[in-house]
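As structure tokens, the structure follows; a few thoughts come after it.
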Amino acid sequence: MSEQGKTFPEFYITSPQPCPYLPGRLERKLFTHLTRDKSPGLIDNLLKGGFRRSQNIAYMPYCDGCNACVSVRVLVDEFAQGRSMRRIVDRNRDLASRCVAPVSTSEQYRLFRQYIDTRHGDGGMADMTVLDYAMMVEDSVVDTFCTEYRLKPEDPLSSTQVSDWPLMAMALCDRLSDGISMVYSYFDPDAQSRSLGSYMILDHIDRARRLGLPYLYLGYWIAGSRKMSYKMRFQPQEHLTPQGWLPLSPRS
């Protein structure tokens, strides 16, 4: 095999499966394996160009007669919190966020399992074992990090070790050349009033701004899917179209 053949990605297509977002439809995916002999620039361009990462596989929808899945990214420098989002931030001021290495822990897995069993018990991740979870967090050839959100103690002198504070939420993220891509996030399902999913997005918008990165990638938005509707609240944003990334009007 030539050197070009080793470094240029080979693409594959999955067989049709029931769509988890739009009832009555079938989904297929175009995917390629991400390996360390692939150019970092090539992998970066894939992830900026509509592919999503799951462990060391990059994939995108490749469905017959359907283009409902649309890649979304938030314009970090133009984003401004509205009143409802400021309330979410205020409700979570007792949380400490910190970036940690992508190393799985039993504490993370317990919270992940609680989240999946409560919110997505019939989904594709319902059968994930602790080993599957470790692979999701640790198996990456890109610049991956975790952001943990821990509840501060009422008495700041009771525990100075942040890692001892209760874990409330976690986000698995990739750092790209022009932004942060949120790969997967989960949170304590009993803390519904905190709106932790939205809070993590707000926190990473702020994190990208501090890093001088112009975009926060949120994955796919799907018109007609209630599970994905929350992504439209983070404006202004761009959607990936056949003509490239284009701005979306808040009323679209």
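Following full-length UniProt numbering, the numbering of the sequence shown begins with 1 at its first residue and continues without gaps.
Even glycine gets a Cβ: it sits at the ideal position worked out from N, Cα and C.
Quantities reported herein were computed from a predicted structural model and do not represent experimental measurements.
List the whole-angstrom C-beta distance separating residue i from residue j, where the pair is believed to meet the contact cut-off of C-beta under 8 Å.
| i | j | result |
| --- | --- | --- |
| Ala68 | Thr32 | The Cβ separation is near 22 Å, so there is no contact. |
| Val137 | Leu111 | With a Cβ gap of about 13 Å, Val137 and Leu111 do not count as contacting. |
| Arg194 | Asn92 | 6 Å |
| Val70 | His239 | 5 Å |
| Pro189 | Thr118 | 4 Å |
| Met228 | Tyr220 | 7 Å |
| Thr144 | Pro102 | 5 Å |
Using the Cβ count rule (16 or more neighbours within 10 Å means buried), how would you classify residue i?
| i | result |
| --- | --- |
| Tyr35 | It should be pointed out that residue 35 corresponds to Thr in this sequence rather than to Tyr. Answer is exposed; the Cβ neighbour count stays below 16. |
| Ala223 | exposed |
| Ala80 | exposed |
| Asn45 | exposed |
| Gln237 | buried |
| Leu202 | buried |
| Leu196 | buried |
| Ala208 | buried |
| Val174 | Just to set this straight, residue 174 is Asp in the shown sequence, not Val. The residue is buried, with at least 16 neighbouring Cβ atoms inside 10 Å. |
| Phe8 | exposed |
Rounded to whole angstroms, what's the CA-CA distance from residue i to residue j? Just pull it up for me.
| i | j | result |
| --- | --- | --- |
| Asp155 | Phe51 | 45 Å |
| Tyr12 | Glu27 | 14 Å |
| Leu75 | Glu107 | 33 Å |
| Ser140 | Ser84 | 35 Å |
| Gly179 | Leu213 | 5 Å |
| Gln17 | Gly24 | 11 Å |
| Val100 | Glu148 | 7 Å |
| Val162 | Arg150 | 8 Å |
| Gln243 | Arg86 | 34 Å |
| Ser54 | Asp94 | 31 Å |
| Asp132 | Ser181 | 21 Å |
| Ala126 | Tyr115 | 10 Å |
| Leu211 | Arg98 | 14 Å |
| Asp64 | Ser15 | 11 Å |
| Thr241 | Tyr217 | 15 Å |
| Phe234 | Tyr109 | 28 Å |
| Asp122 | Arg226 | 16 Å |
| Ser252 | Glu10 | Residue placement at Ser252 is poorly supported in this model, since its pLDDT is 44, which falls under 50; the coordinates still yield a value, given next. Each residue's alpha carbon lies about 36 Å from the other. |
For the beta strand (DSSP E) that residue i lies in, which residues bound it at each end?
| i | result |
| --- | --- |
| Pro189 | Neither: Pro189 is in no beta strand (DSSP E) and is coded neither H nor E. |
| Ala96 | Leu95 to Val100 |
| Arg83 | Per DSSP, Arg83 belongs to no beta strand (DSSP E); it is in the alpha helix (DSSP H), Arg83 to Arg91. |
| Cys63 | Per DSSP, Cys63 belongs to no beta strand (DSSP E) and is neither H nor E. |
| Ser54 | Arg52 to Ser54 |
For the alpha helix (DSSP H) containing residue i, list its first residue and its last residue.
| i | result |
| --- | --- |
| Gly41 | Pro40 to Lys48 |
| Leu196 | Leu196 to Arg210 |
| Ser106 | Ser106 to Arg119 |
| Ala171 | Unbroken run through Ala171 is the beta strand (DSSP E), Leu167 to Leu176; no alpha helix (DSSP H). |
| Ala134 | Val130 to Glu138 |
So, using beta-carbon positions, are residue i and residue j closer together than 8 Å?
| i | j | result |
| --- | --- | --- |
| Cys146 | Met170 | yes |
| Tyr62 | Leu30 | yes |
| Ile43 | Val142 | yes |
| Tyr230 | Arg73 | no |
| Tyr186 | Val89 | no |
| residue 254 | Lys48 | Nothing about residue 254 can be read from this structure; the chain reaches only from 1 to 252. |
| Ala96 | Lys152 | yes |
| Gly124 | Pro20 | yes |
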